[in-house]
Amino acid sequence: MSSTDQISPLPPVTRHITTHNEAGKAVVHSSTPAQWRTFDKSAMAFSLMYTTSQFPANLNDDADLAAHEDLLQNKTLGLVNPNGTVCRVVDFAPGNPCVVHRTQSLDYGIVLEGQIEMVLEEGEPTLMKRGDIAVQRATMHGWRNPSETEWARMVFVLQDIQPLVVGGEKLKEDLGIGKGVLDPSGNDQ
């Protein structure tokens, strides 16, 4: 895993955060180019857009902005933020290896560019095209770019969940082959 500039040929991403001025009018707080972390020999890159650390979020006096910055400074974020949300953009190289994993979260995965196969434990992969949305509910899953030449991009919004019990078994986060590379979330205690 490394920090780097964007590695894919897809258009750059800029995060624009809004807030209110002293008169209560909407203004732009900041506009920041995405910063990328690469994984798996640059076959995948993550860019963290924003986090919240409680639900519902507290926007008073920009408390959410302070909590987001504090989380980044402390470098304690896994895939999921306990009691909060995470928004990230992920670029997938052509033919990227599929990292099957489970997070303790409810995720919305939206295809922005290219095509992605959603791979689950059983059944055939589901081909998702630009604009398609996956509602991933704490299942073992992975994402694979089936193209041999084109990059793909998704945006994910992950929300912490109550402990999940299926068939009498409490399910836990499972980072699969990403264990030791991806930071654990710590929300499955």
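In my numbering, the protein residues as written are 1 to 189.
For each residue, glycine too, the CB sits at the ideal point set by N, CA and C.
Note that this is a predicted model, so its numbers are computed, not measured.
Residues near residue i by beta carbon distance below 6 Å, same chain, minus five either side
| i | result |
| --- | --- |
| Asp61 | none |
| Ile17 | His29, Ser30 |
| Ser185 | Gly78, Leu79, Val80, Glu173 |
| Thr149 | Pro94 |
| Leu71 | Thr51, Leu77 |
| Ser103 | At residue 103 the sequence reads Thr, which differs from the Ser that was named. Closer than 6 Å at Cβ, skipping near neighbours: Leu79, Val80, Glu173. |
| Leu48 | Arg88 |
| Phe46 | Arg37, Arg88, Val90 |
| Val86 | Thr51, Leu158 |
Buried or exposed (CB count within 10 angstroms, at least 16 for buried), residue i
| i | result |
| --- | --- |
| Asn187 | buried |
| Gln136 | buried |
| His68 | buried |
| Ala66 | exposed |
| Asp64 | buried |
| Gly74 | According to the sequence shown, residue 74 is Asn rather than Gly. Classification of Asn74: exposed, given that the 10 Å Cβ count is below 16. |
| Ala138 | buried |
| Asn96 | buried |
| Gly123 | exposed |
| Leu182 | buried |
| Gly142 | buried |
| Leu175 | buried |
| Asn21 | exposed |
Unbroken alpha helix (DSSP H) run spanning residue i, endpoints
| i | result |
| --- | --- |
| Ala66 | 63-74 |
Opening and closing residue of the beta strand (DSSP E) in which residue i lies
| i | result |
| --- | --- |
| Cys87 | 85-92 |
| Gln159 | 152-160 |
| Gly190 | Examination of residue 190 is not possible in this model, given that the chain is present from 1 through 189 alone. |
Chain-order list of residues whose beta-carbon lies under 7 Å from that of residue i (same chain, five-residue window excluded)
| i | result |
| --- | --- |
| Gly178 | Val99, His101 |
| Glu121 | Met140 |
| Ala134 | Gly109, Met118, Met128 |
beta-carbon residue i near the ligand GDP non-hydrogen atom, thresh 7 Å
| i | result |
| --- | --- |
| Val119 | Of the ligands one can find in the structure shown there are none, so the ligand GDP has no counterpart to examine. |
Same chain, Cβ closer than 8 Å to residue i, neighbours up to 5 away in sequence not counted
| i | result |
| --- | --- |
| Asn83 | Ser53, Gln54, Phe55, Asp160, Asn187 |
| Val165 | Leu171 |
| Pro190 | Because the chain in this structure spans residues 1 to 189, residue 190 falls outside the shown range and cannot be described. |
* Would you say the segment 98-114 touches the segment 127-142, given that touching needs at least three Cβ pairs under 8 Å? -> yes
* Count the C-beta pairs between the segment 145-160 and the segment 76-92 that are closer than 8 Å, then say yes if the count reaches three, no if not. => yes
* **Secondary structure, beta strand (DSSP E): runs of 3+ residues fully inside the segment 4-48** => 14-20, 26-33, 36-39
* Whole runs of the beta strand (DSSP E) within the segment 98-133, excluding any shorter than 3 residues -> 105-113, 115-120, 126-129
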